[in-house]
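Encoded as C-alpha cells, the structure appears first; notes follow it.
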Amino acid sequence: MHLYRTHTCGELRKSDDGRTARVSGWVYRKRDHGSLLFIDLRDHYGVTQVVVRPDRSFFEEAQKLKPESVITVTGRVEPRTPDTVNSSLATGEIEVVADTLVVESVADTLPLQVAGEEDGPEDLRLRYRFLDLRRERMHKNVLMRSRLVADLRRRMTAHGFAEFQTPILTCSSPEGARDYLVPSRVHPGKFYALPQAPQLFKQLLMISGFDRYFQIAPCFRDEDARADRSPGEFYQLDIEMSFVTQDDVFAVVEDVISGVFGDFSDWTCDKPPFRRLAWREAMEKYGSDKPDLRNPIVMCDVTDIFRGSEFKAFAAAVDGGATVRAIPVTGVGVADKPRSFYDKLVEFAKEAGGKGLAYLVWQGDSVKGPIAKYIDQARMASIVERCAARAGDAVFFVCDKPKDASRISGDIRTKLGRDLELLEPNTYRFCWVVDFPMYEFDEEERRVVFSHNPFSMPQGGMSALTGKDPLDVLAYQYDIVCNGVELSSGAIRNHSPEIMLKAFEIAGYTREEVEEKFSFLLNAFRLGAPPHGGIAPGVDRMVMLLAQESNIREIIAFPMNQRAQDLMMGAPSAVSERQLRELHIRLNLPKEKAATTLVAPKV
RNA sequence: GGGGGCGUAGCUCAAUUGGUUAGAGUCCCAGAUUGUCGAUCUGGUUGUUGCGGGUUCGAGUCCCGUCGCUCCCGCCA
Numbered sequence: 303m304h305l306y307r308t309h310t311c312g313e314l315r316k317s318d319d320g321r322t323a324r325v326s327g328w329v330y331r332k333r334d335h336g337s338l339l340f341i342d343l344r345d346h347y348g349v350t351q352v353v354v355r356p357d358r359s360f361f362e363e364a365q366k367l368k369p370e371s372v373i374t375v376t377g378r379v380e381p382r383t384p385d386t387v388n389s390s391l392a393t394g395e396i397e398v399v400a401d402t403l404v405v406e407s408v409a410d411t412l413p414l415q416v417a418g419e420e421d422g423p424e425d426l427r428l429r430y431r432f433l434d435l436r437r438e439r440m441h442k443n444v445l446m447r448s449r450l451v452a453d454l455r456r457r458m459t460a461h462g463f464a465e466f467q468t469p470i471l472t473c474s475s476p477e478g479a480r481d482y483l484v485p486s487r488v489h490p491g492k493f494y495a496l497p498q499a500p501q502l503f504k505q506l507l508m509i510s511g512f513d514r515y516f517q518i519a520p521c522f523r524d525e526d527a528r529a530d531r532s533p534g535e536f537y538q539l540d541i542e543m544s545f546v547t548q549d550d551v552f553a554v555v556e557d558v559i560s561g562v563f564g565d566f567s568d569w570t571c572d573k574p575p576f577r578r579l580a581w582r583e584a585m586e587k588y589g590s591d592k593p594d595l596r597n598p599i600v601m602c603d604v605t606d607i608f609r610g611s612e613f614k615a616f617a618a619a620v621d622g623g624a625t626v627r628a629i630p631v632t633g634v635g636v637a638d639k640p641r642s643f644y645d646k647l648v649e650f651a652k653e654a655g656g657k658g659l660a661y662l663v664w665q666g667d668s669v670k671g672p673i674a675k676y677i678d679q680a681r682m683a684s685i686v687e688r689c690a691a692r693a694g695d696a697v698f699f700v701c702d703k704p705k706d707a708s709r710i711s712g713d714i715r716t717k718l719g720r721d722l723e724l725l726e727p728n729t730y731r732f733c734w735v736v737d738f739p740m741y742e743f744d745e746e747e748r749r750v751v752f753s754h755n756p757f758s759m760p761q762g763g764m765s766a767l768t769g770k771d772p773l774d775v776l777a778y779q780y781d782i783v784c785n786g787v788e789l790s791s792g793a794i795r796n797h798s799p800e801i802m803l804k805a806f807e808i809a810g811y812t813r814e815e816v817e818e819k820f821s822f823l824l825n826a827f828r829l830g831a832p833p834h835g836g837i838a839p840g841v842d843r844m845v846m847l848l849a850q851e852s853n854i855r856e857i858i859a860f861p862m863n864q865r866a867q868d869l870m871m872g873a874p875s876a877v878s879e880r881q882l883r884e885l886h887i888r889l890n891l892p893k894e895k896a897a898t899t900l901v902a903p904k905v
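As C-alpha cells, this is what we get:
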C-alpha cells in the first residue's frame, strides 16, 4: 500500500464499499461526540468524512488534533445509512472508518481560518498566502487561472499560432510606463529593464517571418496599482500576426475570447462578431472609452439645443466651447424618486469635478426640475424627442469642456446604473472600441502628443498625416472591452519607416531623434517588414471577470499589495553592502523617511 | 504626489448626542456528549479601542498629527 494514499479525498464512492483505503490531507473540520469523532479530511480533490471510533488507540490523539494539521488515515470504506448521507459532498455516500492514523504535520493555532467564507484582513491574507490559498474560493480561483491559461494555449495553437519566449532582461524603452531596472555588474552604470510588454520583440518576430506569434507574457510596469491593476507584474495573452487587417485580428480574438468565456462561465456571453464602437461614439454615448454595455443608459449630445437658450449658465458655456451631454433615465420610474435622490446626484457630480448637474423630470403631464422654466417649448420638444423621454422619466445634463463632460457624465451613468440596479445581470457584454485618435492636444504642454501607441498605423497612411489636421487623424488602434473593463489594447502597426518618421515629426520629434531612439526598429523595417498587427488581452483581467472577483489580487496566487510589497517574502528588501558594491551602486536615500522594513512571518 | 473610506479581542463585527465595569459570534482552553457534517451543550481566557498629542469633569466616540490597509485621481505609449 502506498505510504500516503490509495485514494484522494474526492475519490471514494459507494462502489468502494468494503475496500481498505488510505487517504491523506488536512483536518478541515472536527465534530467531537465524546465517544465518536468525525473528521472532515480535505485535500486538493475534495473532502472525505473520517470516523474515529472510541476503541481505537489513537482516539484521544485524534480528538486533540488542531484544524489544518496534516494526517494520513487508513481504514475501511463504509456506506453511510440513508439518513446520514451528505448530498452536498461528492463523497457523501461513504465514510472511512479509521484503523490507523499518522500525524504528518502538526498545525499551530491559525492566524486565519481556512474553513468558512469569511475573508481575513488583507495584509494577513497576503502574509499567510499559503493558508489563504487553501480556502475554497481562492483555491478555485487559482485553479481556474491555470485551466484558463492551458485553454488559451490550446486555442491559440489551434489557430496556427506558435508560442515564443522573449527576453526578461532587456533594455529600457524611451516611451511608456516607468521601467523596473536591473543594474549590470559587468557594465558599471548600465541597466537592464524588465519589459513593459514584449511589444518590440513580437514585431521583430513578424519581421523574422514567423507569421503568427503568441505568448502568455509577463509584463513589468512600475506604476501605481488599482483594483483591476496589480502593481509590478501582470500577464498578457500577447498576440501578433503578419499580413492582416484589423478584422483578421478581431476574428481570432473574438473566437478565442468568446470560446473561453463560454466554457468558463455560466453567464450569458456575447457571440461574435462583437459590437464595434468608434471611440468618439463611445465617449459621447457612454462617456468612457471602456463602456459597460450592461448598463442600458445611452447618453446623447444636446449642445445645439442649449445654444442660445434662456438657461444662461449652459448657453454661455456652450458659446465658450463647452458641450452638453444628456443622460436619459427612461422606463424605470425614476421620476418617483425623492428629492434627496436628485440632490445626492448633484452632489456626486460636483465631487466628480462638475460645476453642477441639471435635470428635468417628467411627472405625469408636466416637466419639472430646476431648469424647466428656462427651456422653451420648441427646445423641450427636441429634448423629449432626442432622449425619448416619457412620463416617469428623467434626463440629467452635464455641461463642460468635451473631455470633462464625457468623464463626468460617464461617472454619473455608471452610478445611476448601479444605484438603480439597471445592469443586466449575469452577462458578459463585449465590444470593440475602434478608431482612436492618433494624436491629442496636451493642454499643459500646449502641443500635439500621441494619444496612445506611437507605433500604430495612422488610418489613411502618409496622405492622412500630410493632408489632415493631426487631431482629425485616426489610428488603426483598438481596445476590447468587457463589462466596463478594458481587456486589451492592440493595433495594426506602422511598418513603414517614412510614415513612422512623419508620425513622430507631428508629435515634435526630429528625424534624427527617432533614428537614434528606434534605430534597430527602423533598420528592421528597412530590411523587409511585413504589414502586421496584434493585441494583448490581459490574462489577469480575464480570470478576474470569469471568477467574478472585483479585485485582481483575488486571482493571483502571490500578489503584491497596493504599495508593491510582497508581505510574505518581504520584497522589496535591503541588500548587502557587498551586493551593492558589485553592482557599483551607492545609495542616496531620501531624508527623514526611514525605510520601512518588512518582516517575513516566522514559519 | 493628491483626495476619500476604514482601523475596537487571534478573526468577523457591535457599543444611543461624549457618560458608569468596552459587548456578541467565531477561534482558543477546560468539561460534557455515539451519527455529526457550519455538530451541540456548559464554563473560561483573550483588549495600550493602530500610535502620539489635544479638548473635556469624563473620549472607542470630538479635534490635530502620524502609521497601516484600501478605493480613486495623477500615472499605466
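Read in order, the letters of the first sequence correspond to residues 303 to 905 in this note's numbering. In this text, a Cβ means the ideal position worked out from N, Cα and C, and glycines have one as well.
Subject >> Span separating the alpha-carbon of Val398 from that of Glu419 >> reply: Here the alpha carbon of Val398 sits roughly 26 Å from the alpha carbon of Glu419.
Original post:
Can you list, in chain order, the residues of its chain whose CB lies under 7 Å from that of Ser684, leaving out five sequence neighbours each side?
Top reply: Around Ser684: Ile607.
Original post:
Are Met601 and Arg715 closer than 8 Å when you measure CB to CB?
Top reply: Their beta carbons are under 8 Å apart, which means Met601 touches Arg715 by this criterion.
**OP:** Return yes when at least one heavy atom of the ligand MN lies under 7 Å from the C-beta of Arg487, else no.
**Re:** Among the components of this structure there are no ligands whatsoever, and the ligand MN is therefore not found.
**OP:** If I'm right that Gly259 touches Ile710 with Cβ under 8 Å, what's the distance once you round it to whole angstroms?
**Re:** The structure shown does not extend to residue 259, since the chain is modelled only from 303 to 905, so the question has no answer here.
Subject >> Collapsed DSSP secondary structure at Pro704 in the structure displayed >> reply: Three-state DSSP puts Pro704 in a helix.
Original post:
Unbroken alpha helix (DSSP H) runs of length 4 or more, entirely within the region 784-858: which are they?
Top reply: Counting only runs of at least 4 residues, the region 784-858 fully encloses the following alpha helix (DSSP H) elements, listed from N- to C-terminal order: 799-808, 813-819, 821-827 and 841-848.
Original post:
Could you give the residue range of the alpha helix (DSSP H) that holds Leu433?
Top reply: For Leu433, the enclosing alpha helix (DSSP H) stretches over residues Arg431 to Asp434.
Subject >> Buried or exposed by the 16-neighbour rule on C-beta atoms within 10 Å, applied to Gln881 >> reply: Gln881 should be labelled exposed.
Subject >> Nearest-angstrom Cα separation, counted from Ile857 out to Asp354 >> reply: Per the sequence shown, residue 354 should be read as Val rather than Asp. Those two C-alpha atoms are separated by around 37 Å.
Original post:
What are the boundary residues of the alpha helix (DSSP H) that includes Tyr306?
Top reply: Neither: Tyr306 is in no alpha helix (DSSP H) and is coded neither H nor E.
**OP:** Just confirm the distance between the C-beta atoms of Ser753 and Glu742, as a whole number of angstroms; I'd bet it's less than 8 Å.
**Re:** Correct: roughly 4 Å between the Cβ atoms.
Original post:
Who are the near neighbours of Phe503 in its chain, counting only those whose CB is closer than 6 Å to its CB and skipping five residues on each side?
Top reply: Cβ neighbours of Phe503 beyond the five flanking positions: Thr468.
**OP:** Could you tell me whether the Cβ atoms of Leu435 and His441 are closer together than 8 Å?
**Re:** Contact flag set, yes.
Original post:
Can the beta-carbon of Tyr482 be found closer than 8 Å to that of Asp421?
Top reply: No, the Cβ-Cβ distance between Tyr482 and Asp421 is not below 8 Å.
**OP:** To the nearest angstrom, report how far apart Leu891 and Arg455 are at their CA atoms.
**Re:** Answer to the nearest angstrom: the Cα atoms are 44 Å apart.
**OP:** State the CB to CB distance for the pair Lys592 and Gly786, rounded to an integer number of angstroms; the pair is presumed to be in contact (CB under 8 Å).
**Re:** With 8 Å as the limit, Lys592 and Gly786 qualify as a contact, their Cβ atoms being about 6 Å apart.
Subject >> Sequence-distant residues of the same chain with beta carbon closer than 6 Å to Ala519, five excluded per side >> reply: The residues are Pro500, Gln538 and Asp540.
**OP:** Take Gly478 and list the residues in its own chain whose beta-carbon comes closer than 6 Å to its own, dropping the five residues that flank it on each side.
**Re:** Same-chain partners within the cutoff: Gln498.
Original post:
Should Gly835 go down as buried or exposed, given a rule of 16 or more other Cβ atoms within 10 Å for buried?
Top reply: Within a 10 Å sphere around the beta-carbon of Gly835 sit 16 or more other beta-carbons, which makes this residue buried.
Original post:
Tyr306: buried (16+ other C-beta within 10 angstroms of its C-beta) or exposed?
Top reply: So Tyr306 counts as exposed.
Subject >> Cβ pair Leu885, Pro485 closer than 8 Å >> reply: Contact flag set, yes.
**OP:** Entirely within the region 542-627 and at least 3 residues each: give me those beta strand (DSSP E) ranges in chain order.
**Re:** Taken in chain order, the complete beta strand (DSSP E) segments of 3 residues or longer contained in the region 542-627 are 577-580.
Original post:
Roughly how many whole angstroms lie between the Cα atoms of Gly769 and Glu800?
Top reply: So the two alpha carbons sit approximately 15 Å from each other.
**OP:** Let me know if Ala831 comes out buried or exposed under the rule of 16 or more other beta-carbons within 10 Å of its beta-carbon.
**Re:** By the neighbour-count rule (16 or more Cβ atoms within 10 Å), Ala831 is buried.
Original post:
What is the DSSP secondary structure of Arg321, reduced to helix, strand or coil?
Top reply: Coil.
**OP:** Could you tell me if Lys587 is buried or exposed, where buried requires 16 or more neighbouring beta carbons within 10 angstroms of its beta carbon?
**Re:** Classification of Lys587: buried, given that the 10 Å Cβ count is 16 or more.
Original post:
Of the choices Val352, Ile837, Tyr730 and Gly763, whose alpha-carbon is the least far from that of Val845?
Top reply: Among Val352, Ile837, Tyr730 and Gly763, the Cα nearest to that of Val845 is on Tyr730.
**OP:** Could you work out which residue in Ile782, Pro772, Val783 and Pro833 is closest to Glu807 when comparing CA atoms only?
**Re:** Residue Pro772 is the option with its Cα nearest to Glu807.
Original post:
Taking three-plus beta-carbon pairs below 8 Å as touching, is the region 390-407 in contact with the region 352-369?
Top reply: By the Cβ criterion, the region 390-407 is in contact with the region 352-369, since at least three pairs of Cβ atoms, one from each stretch, lie closer than 8 Å.
Original post:
Going along the chain, which residues of its own chain have a beta-carbon closer than 6 Å to the beta-carbon of Arg315, five neighbours each way excluded?
Top reply: Nothing listed; no residue qualifies.
**OP:** Provide the residue span of the beta strand (DSSP E) that contains Phe743, from first to last.
**Re:** Looking at the DSSP string, the run of the beta strand (DSSP E) that includes Phe743 is Tyr741 to Asp744.
Original post:
Which class does Ala417 belong to by DSSP, given the choice of helix, strand or coil?
Top reply: Ala417 sits in coil when the DSSP states are folded into three classes, being neither helix nor strand.
Original post:
Looking at C-beta atoms only, is the number of pairs between the region 627-644 and the region 681-695 that lie closer than 8 Å three or more?
Top reply: The region 627-644 is in contact with the region 681-695.
Subject >> Which residues DSSP lists as bridging Thr386, in chain order >> reply: Beta-bridge partners assigned by DSSP to Thr386: none are found.
**OP:** Take Lys573 as the anchor and find which of Ala580, Gln517 and Phe563 has the nearest alpha-carbon.
**Re:** Closest by alpha carbon: Phe563.
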